[in-house]
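Visitor: So the sequence shown is residues 145 to 455, counted in our numbering.
Below: one structure in structure tokens.
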Amino acid sequence: SNAAERQVAASVASALAAGRPLVTLEEGEEPESFWEALGGKADYPKEKQTMGGEAPPRLFECSNRTGAFVATELFGWSQGDLLPTECFLLDTVSSLFVWNGGEANETEKRGVATLAKEYLEAVGRPSCPVITVAGGLEPALFASHFLGWDFDAPPAFVDPYEAKLALLAQANVGMGGEEAETETRDSGAPAYRAQYEAKLAALEKPAGAGKWENSASWATHALKPTEEKPKDLTAERAMTVRGGMAYAEPSELTVTLEVLKLNDEPRVDPTRKEMYLSDSEFQQALGCTKAEYVKMKAWKQTDLKKKASLF
């Protein structure tokens, strides 16, 4: 742990202590009473686990601006895609974020909360934590998934109609009173309302392209390729990383332990080296069967791979 982490831990401990004495322990110096309070000493991860999982994060825009509540998956997204008039779901594998724009309506906020639960049920992660984030108050845990996040950036979209009315109101202060202000609003509103509606129309998605209606089957449909999604996204990413050569599936290729240690087989996915071993060599190198291995925690798998020189 670094100095900043220790400082935060000390602050939290002081708040929880409520006047009780605090004891600071270094790893490896824990007394038996420490482990007894945790249910007994057992094997635990010795290294930090990275946020998220092996799959890249996914972002879904959730809106009812067309009259029906619709969720659309975005690709190649950035901070600028977070419109304050909408709600979004950000799936980082380890967590599911519900982002509520400051101008999103209550129907959208209720809808996205329901969809979050349906989505996690569909992907088989019902116990995954759901974190609600308010637009403009994003924590670093959320912002870290957006390349080049700017905490000082203005809202992605400003209603030109409302902005113009605000300027007109300021200009009319002390120049004709309430009557003049009302007349200006009435004469200027149609033009700016038309601009506003044109802006919204430009944001609309083509009918049937990458949409899911607000129903119990939404989350299941969200897992299927749409017209906006590449037909083979996994293969495309692999080809991008490896200059056009996709990795072979472990079920289609067997490689010896010595070859894997040399990193000489270009068809091997470096994140799953151990799975290319034969069943017998896998058990000899890692001390367990493949079936037992896939049920282990990620940190335990990493520890075994390091001991076998496959990390």
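Beta carbons are placed, not taken as given, at the ideal position from N, Cα and C, and that holds for glycine.
No experiment lies behind these values; they were computed from the predicted model shown.
Excluding the 5 residues preceding and the 5 following Ala452 in the sequence, name in chain order all residues of the same chain whose CB lies nearer than 6 Å to its CB.
Guide: Counted from its first residue, the sequence shown places residue 452 at position 308. Result list for Ala452: Ala429 and Leu430, in chain order.
Visitor: What span of residues does the beta strand (DSSP E) with Ala212 cover, start to end?
Guide: Along the sequence shown, one-based indexing puts residue 212 at 68. Where Ala212 is concerned, there is no enclosing beta strand (DSSP E), given that its DSSP letter is neither H nor E.
Visitor: For Cys206, which residues does DSSP report across the bridge?
Guide: Position 62 of the sequence shown, counted from the first residue, corresponds to residue 206. Cys206 pairs with Ala215 and Cys231.
Visitor: To the nearest angstrom, how far is it from the Cα of Glu402 to the Cα of Ala148?
Guide: Stepping through the sequence shown from its first residue, residue 402 is reached at position 258. Stepping through the sequence shown from its first residue, residue 148 is reached at position 4. Their Cα atoms are separated by approximately 42 Å.
Visitor: Using a Cβ-Cβ cutoff of less than 6 Å, which residues in the same chain neighbour Lys434 once the five nearest sequence positions on both sides are dropped?
Guide: Taking the sequence shown and counting its residues from 1, the one referred to as residue 434 is at position 290. Hits under 6 Å: Phe426.
Visitor: How do the region 198–211 and the region 225–241 stand: do at least 3 beta-carbon pairs fall below 8 Å, yes or no?
Guide: Yes, the region 198–211 is in contact with the region 225–241.
Visitor: Using the C-alpha atoms, what's the distance from Thr210 back to Met440?
Guide: Mapped onto the sequence shown, residue 440 falls at position 296. Mapped onto the sequence shown, residue 210 falls at position 66. In a straight line, the C-alpha of Met440 is about 46 Å away from that of Thr210.
Visitor: Which residue marks the beginning of the beta strand (DSSP E) containing Leu240, and which one marks its end?
Guide: Translated into the one-based positions of the sequence shown, residue 240 becomes position 96. Per DSSP, Leu240 belongs to the beta strand (DSSP E) from Leu240 to Asn244.
Visitor: Does the distance from the CB of Gly255 to the CB of Phe213 come in under 7 Å?
Guide: Counting from 1 along the sequence shown, the entry for residue 255 is found at position 111. Counting from 1 along the sequence shown, the entry for residue 213 is found at position 69. Closer than 7 Å, so yes.
Visitor: Can you name, in chain order, every residue of its own chain whose Cβ lies under 8 Å from the Cβ of Gly246, other than the five neighbours on each side?
Guide: Taking the first residue of the sequence shown as position 1, residue 246 is located at position 102. Within the same chain, Gly246 has close Cβ partners Pro228, Ala278, Gly279, Gly280 and Pro299.
Visitor: Please name the residue, chosen from Gly292, Ala248 and Lys253, that lies closest to Gly224 on a Cα-to-Cα basis.
Guide: Against the sequence shown, residue 224 aligns to sequence position 80. Considering only alpha carbons, the answer is Gly292.
Visitor: With H, G and I counted as helix, E and B as strand and the rest as coil, what does DSSP make of Thr168?
Guide: In the sequence shown, counting from the first residue as 1, residue 168 sits at position 24. DSSP places Thr168 in coil when its eight states are reduced to three.
Visitor: Considering only residues of the same chain and omitting the five flanking positions on each side of Ala162, which have a CB-CB separation below 7 Å?
Guide: Here the question's residue 162 lines up with position 18 in the sequence shown. Closer than 7 Å at the Cβ level, and outside the excluded window around Ala162, lies no residue.
Visitor: What does the Cβ neighbour count give for Phe204, buried or exposed, with the cut at 16 atoms within 10 Å?
Guide: Residue mapping note: residue 204 aligns to position 60 of the sequence shown, counting from 1. Classification for Phe204: buried.
Visitor: Under 8 Å Cβ to Cβ from Ser158, same chain only, skipping five residues before and after it: list those, please.
Guide: Counting from one through the sequence shown, the residue named residue 158 turns up at place 14. Around Ser158: Leu166.
Visitor: Glu230 and Ala257 - do their beta-carbons sit closer together than 7 Å?
Guide: By 1-based counting over the sequence shown, the position of residue 257 is 113. By 1-based counting over the sequence shown, the position of residue 230 is 86. Not a contact, by the Cβ cut-off of 7 Å.
Visitor: Output needed for Thr455: all residues of its chain with C-beta closer than 6 Å, excluding positions within five of it in sequence on either side, in chain order.
Guide: Counting from 1 along the sequence shown, the entry for residue 455 is found at position 311. As written in the sequence, residue 455 is Phe, which differs from the Thr given in the question. Contacts found: Lys449.
Visitor: What are the residues that DSSP puts in a beta bridge with Ala278?
Guide: The residue you call residue 278 lines up with position 134 of the sequence shown. Partner(s): Asn244.
Visitor: Can you name, in chain order, every residue of its own chain whose Cβ lies under 7 Å from the Cβ of Phe290, other than the five neighbours on each side?
Guide: Your numbering for residue 290 matches position 146 in the sequence shown. The answer, listed in chain order, is Ser222 and Gln223.
Visitor: I believe Val412 touches Leu404 by the beta-carbon criterion, under 8 Å. Please report the beta-carbon distance rounded to the nearest angstrom.
Guide: Translated into the one-based positions of the sequence shown, residue 412 becomes position 268. Translated into the one-based positions of the sequence shown, residue 404 becomes position 260. Contact holds; Cβ gap of about 7 Å.
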